[in-house]
Each structure stands twice: as C-alpha cells, then as structure tokens.
Amino acid sequence: MLVRARAVSWSVVESRRHPRARTSRLPQTTFAGILLAAAVAVASTSVVVRGWLHLSQMAGGQTRLFFATTLVELGLLLLVALLMAGIAWVLVLRLQESQRQLHDLAIRDPLTGLYNRRYFREVYASEVLRARRTGHSFSVAMLDLDDFKRFNDTNGHVAGDGILESFAEVLKVSLRSVDVLARYGGDEFVVLMPGTGAAAAQAVVSRLERVFAQWRPLGAPDGMAVSIGVSTWDTFTEPLEQADMRMYEAKRARVLIDSLRLEPRR
Numbered sequence: 004m005l006v007r008a009r010a011v012s013w014s015v016v017e018s019r020r021h022p023r024a025r026t027s028r029l030p031q032t033t034f035a036g037i038l039l040a041a042a043v044a045v046a047s048t049s050v051v052v053r054g055w056l057h058l059s060q061m062a063g064g065q066t067r068l069f070f071a072t073t074l075v076e077l078g079l080l081l082l083v084a085l086l087m088a089g090i091a092w093v094l095v096l097r098l099q100e101s102q103r104q105l106h107d108l109a110i111r112d113p114l115t116g117l118y119n120r121r122y123f124r125e126v127y128a129s130e131v132l133r134a135r136r137t138g139h140s141f142s143v144a145m146l147d148l149d150d151f152k153r154f155n156d157t158n159g160h161v162a163g164d165g166i167l168e169s170f171a172e173v174l175k176v177s178l179r180s181v182d183v184l185a186r187y188g189g190d191e192f193v194v195l196m197p198g199t200g201a202a203a204a205q206a207v208v209s210r211l212e213r214v215f216a217q218w219r220p221l222g223a224p225d226g227m228a229v230s231i232g233v234s235t236w237d238t239f240t241e242p243l244e245q246a247d248m249r250m251y252e253a254k255r256a257r258v259l260i261d262s263l264r265l266e267p268r269r
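Numbering (this note's numbering), first residue to last: 4 to 269.
Set out below in structure tokens:
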C-alpha cells in the first residue's frame, strides 16, 4: 500500500524532544537512606554505650566495663560493614548504568533517540524467523520526508535536525506500543508491526495520515510531504525491500493498495 500524506499543521509536540532513556535513581536513593539511618543508629548506640562505659569506669564495674567495650567494638564493626556494603552497592549500580548507556549508544540513533538501522535489522531478522516458524503475518512501513534535502540545504543542518526530531516524536506518539520504530538513515524511517496483517497495517497507516495532515514543523510553514510505503506478508518473504520500493513509488504521488500472499521459499 502506498500513501502520500501532506503535512499541514502541528503544534502539540513541536517543542518537545524525544525522551532519552532514563534510569531511576530510586534504588540508589532508597539504599542510601537506609544506610544513613543504620549508620546514625549505630553511632547513637555507640555514644550511649561509651557514656555507660565512662560511668562504669567511675563505678569500678569490671564486668559491665568488658560488656560495654565489646558492644562498642561490635557496633563499630557493624558500621564499617554497612559502609562497605553501601559502597559496593553504589559501584554495582553505577556499573549497571554504564552498561545500559553503552547498550543504548549501540542500538539508538543519537539525534532522535529511536532505534538505529543496525538494531532494526536484528529485530527484523528475528521477526522473519518467527513468521517462518509460526506462520503469523507482519508488516513493514517505510516513511520518507519529501524534499528534506532541499530544506536542509536551504535552512541549515540545525533546522533540518529539528524537523527530524519533530517527525520522530510524531511517529513515536502515533504508533502502537508493539510497533518497532527506527531511523533507517537520513530522512528515512521504518516501522516493524509484528503480528499485523494487511487490514491492521492499513489502519495504522490511516492513523498516520490523519496525524501528518495536522503536522507543520518549525521552519516549514507550508508543510512538508511525507511518503509512506507498506508491505504485508502472511508467509515468509522479504517485506522490507518491497516497502522501500513502494515508498519511492508513493513519492510520485500514486496511490496503490497491493495485498500480496507469496508462497514460502523452498
């Protein structure tokens, strides 16, 4: 299915940027609070015991003196153990955060925060294998901003980056949670719709058409055309290339609904 949507106006998400992945600081904060409370409790207990120790020395109570000294030593050992455990916990959390950040850098586009082409190809390959194994259908949509290169050359890369960020945000808030959205390269974006047949894919694209009919990014007061190509398979083949081809056909403002059912490869 080929669609050519003309962007007209948009104001809701224009000032927003795609949210980068954030790691909650709650576990670190909670543990730090518990550690601080425990340290205060141990320190308070040590002060009380030391006072008792002083009074015992004055009273000459040897048994109580030994008992109080032992309590102080145990309290200090507990405090040191808590501090060491807290340091180890924070180091582990920071290591996990660093690993998550490195993983995000490897699979996400730095400008839009969407998945990058390499990661999308991995997800796509997995979906193809799943479709071959189970026989479930899935759809792929390719999207392209028409005349983006000319806009970028005329208005500069900063303005062009703003268009791409806005476009990515519109897509993100318009798609379903199960859809996998990626920046495929330049001004091309791709959507993988797992377990989605032709009718459901058409509904998704129709929703995108309505959204882009109200989208006008900053710097493009006359709007910007968006070309969409969609392919749906009920059996295993290569829908990505077909969706890409249909997207370029959509650039020529032709509308074609093409539902294909291919035999699996031998």
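Every residue gets a Cβ at the ideal spot worked out from N, C-alpha and C, and that includes glycine.
A distance below 8 Å separates the beta carbons of A162 and G222. Note that the C-beta distance between V173 and A204 is not below 8 Å. Rounded to the nearest whole angstrom, the CA to CA distance from V207 to R213 is 10 Å. Straight through space, the alpha carbons of G138 and V181 are spaced by roughly 18 Å.
The beta carbon of F151 is closer than 6 Å to those of D190 in its chain, skipping five residues each way along the sequence. A buried status is given to P220, since no fewer than 16 other beta-carbon atoms sit within 10 Å of its beta-carbon.
Beta bridge pairing from DSSP links W236 with F141. Its chain contains I110, R111, D112, A185 and R186 as the residues whose beta carbon lies nearer than 7 Å to that of N119, once the 5 sequence neighbours on both sides are disregarded; these appear in chain order.
Rounded to whole angstroms, R135 and V95 show a C-alpha spacing of 41 Å. Look at the segment 151-206 and you find these whole runs of alpha helix (DSSP H), each 4 residues long or longer: 151-158 and 160-177. E130 and R121 have their C-alpha atoms spaced approximately 15 Å apart. The alpha-carbon of D107 is positioned some 20 Å away from that of A128. For A228, the three-state secondary structure derived from DSSP is strand. Shown here for A246: same chain residues with a beta carbon closer than 7 Å to its own, the five before and five after excluded, namely V143, A144, M145, G232, V233 and S234 in chain order.
In this structure, the CA atom of Q102 is about 37 Å from the CA atom of S230.
Across the structure, P197 and M87 are spaced so that their CA atoms are roughly 47 Å apart. With a contact defined as Cβ atoms closer than 8 Å, F141 and W236 qualify at about 7 Å. It is roughly 35 Å from the alpha-carbon of H160 to the alpha-carbon of L98.
Shown here, R219 sits in coil according to DSSP, grouped into three states, outside any helix or strand.
Under the three-state reduction of DSSP output, D107 falls in the helix class. Between E168 and the set L81, A202, W218 and A201, the nearest pair of CA atoms involves W218.
The three-state secondary structure of L146, taken from DSSP, is strand. The Cβ atoms of L148 and M250 lie no closer than 8 Å to each other. N155 and I166 have their C-alpha atoms some 9 Å from each other. At a Cβ-Cβ threshold of 8 Å, V126 and L195 count as neighbours.
Annotation for P242: F141, S142, V143, S234, T235 and W236 place their beta carbon closer than 8 Å to its own, counting only its chain and skipping 5 residues before and after.
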